[in-house]
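Peer 1:
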Amino acid sequence: MSDAADNELRRPQARKHKTGTSTVHVGILIVVDTVRDAAMLVTIMDKFDVHLAFQEGKG
1 MSDAADNELR
11 RPQARKHKTG
21 TSTVHVGILI
31 VVDTVRDAAM
41 LVTIMDKFDV
51 HLAFQEGKG
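Sequential numbering from 1 applies to the sequence shown in full-length UniProt numbering.
#1: Can you name, in chain order, every residue of its own chain whose Cβ lies under 8 Å from the Cβ of Leu41, other than the five neighbours on each side?
#2: For Thr34 and Asp49, what's the separation of their Cα atoms in angstroms?
#3: Please list the terminal residues of the continuous alpha helix (DSSP H) segment that includes Thr43.
#4: How is the alpha helix (DSSP H) around Thr23 delimited, first residue to last?
#5: Please report the distance separating the alpha-carbon of Arg36 from that of Met45.
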């Protein structure tokens, strides 16, 4: 299996998001869905590699 195909299997949720999603829309989703707000924020941060930047110094 190729690396690209392997990545597709690991992160299928990444394919569901449109590239044109506005920050206003994302903000509304986080405020409205308080059950999943933390998970959504982590997913958004992960997309921008913020998660990796904060974890690098902890290892």
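Backbone N, C-alpha and C fix where the C-beta goes; we use that ideal spot for every residue, glycine too.
Peer 2: So, from the listed chains and residues:
#1: Ile30
#2: In a straight line, the C-alpha of Thr34 is about 23 Å away from that of Asp49.
#3: Looking at the DSSP string, the run of the alpha helix (DSSP H) that includes Thr43 is Asp37 to Lys47.
#4: Unbroken alpha helix (DSSP H) run through Thr23: Thr23 to Val32.
#5: 14 Å
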